[in-house]
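Using the numbering used here, you'd call the opening residue of the sequence shown number 43 and step up by one each time. Glycine included, C-beta positions come from ideal geometry on N, C-alpha and C. Nothing here was measured: the structure is a model prediction, and the numbers come from that model.
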Amino acid sequence: MLILVANLGSTSFKYRLFRMDESGGEVVAKGGYERVTDHASVIDDALATLQRDGVIASPDEIEAVGFKTVLGKDLSGCVIADQQTIDALEGFAAVAPAHNPPYANGIRQFAKALPKAKLVALFETAFYQWTSPASYNYAIPKSWRDIGIRRYGFHGASHKFIAERSAEMCEREEVGQIARRLYLDGPQTVSGKPFRVVSCHLGGSSSVTGILNGVAIGTSMGFSPQSGLPQNNRVGELDSGAIPYAMRTLGISLDEVERQLTKESGLLGISGVSNDLRDILQAAESGNADAQLSLDALVHSIRHWIGAFMLELGGLDALVFTAGIGENNAALRERVCDGLEGFGIVIDPAKNDACRAAEADIGSAASAARILVIPANEELVLAREVFRKLS
Ligand code: ADP
C-alpha cells in the first residue's frame with residue numbers, strides 16, 4: 043500500500059511516500075517546500091514530481107494520506123480525516139494556531155487532489171486517551187472544563203513509537219505488540235511483570251511521558267503546547283497568576299502576553315541567545331550565565347517529570363531519550379541521570395559519549411533500569427498507523 047505522509051506547517055509542506063505491508067515499510071520518495079503561500083499548488087506540484095520521477099505512474103496509486111494532526115476539539119485517536127476532523131481542528135485553531143489551520147486546509151486540499159485516496163488523521167493527543175481523569179483534569183470551574191480545558195498532551199506519535207520500540211529493545215515482545223496495536227485494541231493486560239517506561243522527547247518542543255505496559259499514564263504537556271518543559275521559544279509551566287500580574291504591571295495586552303509566551307519565552311526567553319540548543323551550548327561554554335541558566339532550567343524540568351512518573355509507575359524499567367536534543371546531546375543526558383544511582387539509573391559515560399543519533403543502550407551494567415536512546419521517526423509511526431487502520 044502506498045501511503046503519503048503529509049507534514050504541513052503554516053508556510054511549509056514536507057512529505058514522505060511509504061510502501062507499507064504486513065512486515066513493515068520503506069520510504070520510496072520524499073520532498074518538501076518552504077516559504078509556501080499556496081498549499082494547493084505545492085501539493086499538486088509534489089504529485090506531479092512523483093509522477094515525472096517515475097515513482098508513481100498515476101496519483102491514483104497513492105491509496106492513503108496520513109496527517110499528524112495536533113489538537114481536535116472533542117476528537118482524538120486515529121480517524122478518517124473528514125469534515126468532522128476539519129471542524130475539530132478549526133474548533134481549537136486558537137489553541138494551536140501554528141498547527142491546526144494548515145492541517146485543516148491540507149486535508150481539504152488532498153481531498154480535492156486525491157479524491158480516491160483514504161485520508162487518515164492521527165491526533166498527537168491520541169496516545170493519552172487512556173490517562174486517568176485525576177491526571178488530565180485541572181482544578182478549574184466546571185464551566186471551564188465544559189469548554190474543553192484539560193490536559194491533552196502532545197508528541198503522541200513519538201512517545202507511542204518509544205512505547206513500542208523500548209519494549210522490543212528490552213525483550214518485552216508482548217508489551218511491544220500491545221503498544222503497536224493500541225489504537226485498534228485499546229490497553230491489554232500483560233502477563234508477568236509490568237513494563238514501566240519514562241520517555242523524554244527533547245527537541246524544538248519537548249515533553250516527558252510515563253508509559254505503563256505500552257500505554258501512556260500521563261505527560262508533561264497540557265492543554266496547549268505552551269506547557270510542561272521549557273520549549274524552544276514557548277513557555278513551559280507557568281503559574282496562571284503571572285499573567286494578570288504581568289499585564290497590569292507591564293501594561294501589556296492579552297495578545298501581547300500570548301505573543302511573548304509563544305515566541306519569546308522558553309529557552310530563548312531565559313538565555314536571550316537563541317531558540318536552538320546548539321547556540322545556547324556554545325554561549326554557555328563561553329561564559330554566558332543566562333545561557334547556562336536556560337540549560338539548567340531544562341535539565342531541572344526534565345528531572346522533575348522523570349521523578350513524577352517514576353513514582354506513579356512504582357519504579358522504572360527503561361528511561362528513553364529521543365528527538366533532536368535527546369538523540370544528540372550526550373552531556374545533557376549525563377546531567378539528567380546525574381546522582382540517580384539510588385533509583386537504579388546509572389549511565390555509562392563512554393557508551394553515552396559514543397552514541398551519535400542512533401539506537402543505543404547507554405546504561406552501565408550496574409543500572410537496574412535500561413537507559414536507551416531511540417531516534418524519533420514520526421513519519422514512520424504515521425505510515426504504520428494508517429496502514430493498521432486501513433487493513
Ligand atoms: P523539532 O521539534 O523542531 O522537530 P528536533 O527534534 O529536530 O526539533 O530538535 C531540534 C533541537 O535539537 C534543537 O534545539 C537543536 O539544537 C537540537 N539539536 C540537534 N542536533 C543537536 C546536537 N548535535 N547537539 C545538541 N542539540 C542538538
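For Gly368, I'd like the list of residues in its chain whose CB is within less than 6 angstroms of its CB, leaving aside the five on either flank, ordered along the chain.
-> These residues qualify, in order along the chain: Cys242 and Leu244.
Exposure label - Asn179; buried when at least 16 CB within 10 Å = exposed
Cutoff 7 angstroms; reference Arg377; Cβ partners in own chain excluding five residues on either side | Val341
Only counting runs of 3 or more residues, tell me where the beta strand (DSSP E) segments fall wholly within the stretch 331–417, in order along the chain.
-> Runs found: 360–364 and 412–415.
Around the Cβ of Lys235, are there at least 16 other Cβ atoms within 10 angstroms (buried) or fewer (exposed)?
-> exposed
May I ask you to report which of helix, strand or coil DSSP gives Glu213?
-> coil
Could you give the DSSP three-state label for Leu46: helix, strand or coil?
-> strand
Test item: CB-CB of Val239 and Gly270 under 9 angstroms | no
Alpha carbon to alpha carbon, how far is Ala153 from Leu161?
-> For Ala153 and Leu161, the distance between alpha carbons rounds to 8 angstroms.
Hey, Asp359 and Ala411 are a contact pair by Cβ (cut 8 angstroms); roughly how many whole angstroms apart?
-> Indeed, because the Cβ distance is near 6 angstroms, the residues count as touching under 8 angstroms.
Leaving out five residues on either side along the sequence, give the residues of the same chain with a beta carbon under 7 angstroms from the beta carbon of Thr304.
-> Gln268 and Arg276
Is Arg398 buried or exposed, if buried means 16 or more other CB atoms sit within 10 Å of its CB?
-> Arg398 counts as exposed, since fewer than 16 other beta carbons sit within 10 angstroms of its beta carbon.
Does the Cβ-Cβ distance between Phe169 and Ala258 come in under 9 angstroms?
-> yes
Helix, strand or coil for Ala123 per DSSP?
-> coil
Inter-residue spacing [alpha-carbon to alpha-carbon] between Ser248 and Thr261 | Just so you know, the alpha carbons of Ser248 and Thr261 end up roughly 11 angstroms apart.
Taking 8 angstroms as the cut-off, is the CB of Leu323 close to at least one heavy atom of ligand 1?
-> yes
Determine the DSSP secondary structure at Ala82, reduced to helix, strand or coil.
-> Secondary structure of Ala82 (DSSP, three-state): helix.
Compare the Cα-Cα distances from Phe196 to each of Phe265, Asn317 and Glu105 and report the closest residue.
-> Phe265
Neighbour-count burial assignment, Ser118, 16 or more Cβ in a 10 Å radius = buried
Flag this pair as yes or no: are the beta carbons of Ala106 and Ala155 separated by less than 9 angstroms?
-> no
Does the beta-carbon of Pro175 have 16 or more other beta-carbons within 10 angstroms, so that it is buried, or is it exposed?
-> exposed
Do Ile204 and Ile253 have their C-beta atoms closer together than 9 angstroms?
-> Yes, these two residues count as a Cβ contact at 9 angstroms.
Please name the residue or residues paired with Phe203 in a DSSP beta bridge.
-> Beta-bridge pairing links Phe203 to no other residue.
Opening and closing residue of the beta strand (DSSP E) in which Ala258 lies | Val257 to Thr261
Taking Glu166 as the reference, which of Lys56, Leu337, Ala199 and Ser343 has the closest Cα?
-> Ala199
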